[in-house]
Structure formats: C-alpha cells, structure tokens
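According to my numbering, the sequence shown holds residues 74 to 240 in order.
Note that beta-carbon positions come from the ideal geometry of N, C-alpha and C, so glycine has one too.
Keep in mind that this is a model prediction, so the values were computed, not measured.
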Amino acid sequence: MSRYRTRSWRAFDPVAATPLAALVAVAHGCLNVASATPAARLRLIFEGLKALLAEHAPGEVAVERVFVSRNADSALKLGQARGAALCAIPADVPVFEYAPRAVKLALVGSGAAEKFQVAQMIRTLLSLGERPAADAADALAVAVCHAHQRRLRVLVDRGGGPHWSRA
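As structure tokens, then:
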C-alpha cells in the first residue's frame, strides 16, 4: 500500500479542495522611534504596540524570530526592542514565532529572497495600492505566513492535509 493517499497530482480534485480565505490587511505601518533616546525608544515601542493591540484586539500574534548577526551591539538592541514589543502583548494572547527564512520561503518560495521581493509579494497577495515600507512588509509577511500555517494545521487536523505532517 502506498504511503501517500494519491499516486499522482492528476488525482487532485480542485472542486473538493478547501478554498483559500481572502487575506486583508487591516493596518500596517512603522513606529517612528529614530529620534528618541535608546530608553525612550523602548518605551515608545511598548506604548505604540499596546495601543495598537488594544485597538484591534487580535486573537493571536505572530512575530519573527531574532536574526543573529555578527554585530553583538545590533543583536542586543534588536533583542531589547523585541522584548519591549513582546511585553506589550496581553498575557492571554498566544504568540507564534517564525524564522525569517521560513517566512520568505512561505511567501516568495525562496528562503533567501530579498526584502523588495517580499514587499512586492505582500503587495500582490494583499492587493495593496503601493509596495509597503520594508519593515511594514516584513511584519505583514509574518502575518501571512502565520495565516498559511494556521490553515495548514486546520487541514491536517481534519485529515485533509498531507499525511507526512501527522506525527
């Protein structure tokens, strides 16, 4: 007996497949904290995200894992900003993390995609009028990646997804 349900892609029935839900960008943008002192930047990140989370009340939050570079000072500053952002999330809201390469792979098809490729794919997928700023596009990319992962989990839980995903 084959370990796969079908032996060929020709057996795929598009009518029986679950349609993709339309993705809509509710809000996107960047917090402008560049002119503040380092301590004030962290406060602005915390307060800005706290206000956004209160306004939109998401049921889940998806974040990008920290990209570790060779510059320890940059990694430390990024970690502090990420910590301020994570502290703004209410305790009852689940947080999901995705590696930068996994996000790029999910959106563009290559884990080594350039930022402009990610931004262009986000513009296309979300039908945005113009390409968003690089940081906003990265955040939207994490959200789209999470939406795809949630859909895949639902399909697998219902028994309609790939059998190799079950463990």
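- Mind reading off the beta-carbon distance from Val134 to Val166? Whole number of angstroms is fine, and I expect it under 8 Å. Locating residue 134 in the sequence shown gives position 61, counting from the first residue. Locating residue 166 in the sequence shown gives position 93, counting from the first residue. The beta-carbon distance between Val134 and Val166, rounded to whole angstroms, is 6 Å. This is short enough to meet the 8 Å contact definition.
- Task: Return the first residue and the last residue of the alpha helix (DSSP H) that Glu32 is part of.
- Result: Residue 32 lies beyond the stretch modelled for the chain, which goes from 74 to 240, so this question has no answer here.
- Query: For the alpha helix (DSSP H) that Ala192 lies in, which residues bound it at each end?
  - Reply: Numbered from its first residue, the sequence shown carries residue 192 at position 119. Note, Ala192: alpha helix (DSSP H), 188-198.
- Task: Apply the 10 Å Cβ neighbour rule to Asp230 and answer buried if 16 or more other Cβ atoms are within range, or exposed otherwise.
- Result: Taking the first residue of the sequence shown as position 1, residue 230 is located at position 157. Around the beta-carbon of Asp230, fewer than 16 other beta-carbon atoms lie within 10 Å, marking it exposed.
- Item | Spatially closest choice to His101 from Ala214, Val227, Arg155, Ala220, by CA coordinates | Against the sequence shown, residue 101 aligns to sequence position 28. If we check each option's Cα against that of His101, Ala214 comes out closest.
- Query: Quick one, which of Ser200, Ala157, Val176, Ala209 has its alpha-carbon nearest Phe140's?
  - Reply: Position 67 of the sequence shown, counted from the start, is the residue given in the question as residue 140. Closest option to Phe140, Cα to Cα, is Val176.
- Task: Could you spell out the range, first to last residue, of the alpha helix (DSSP H) harbouring Ala158?
- Result: The residue you call residue 158 lines up with position 85 of the sequence shown. Annotation for Ala158: the continuous alpha helix (DSSP H) segment containing it runs 145-160.
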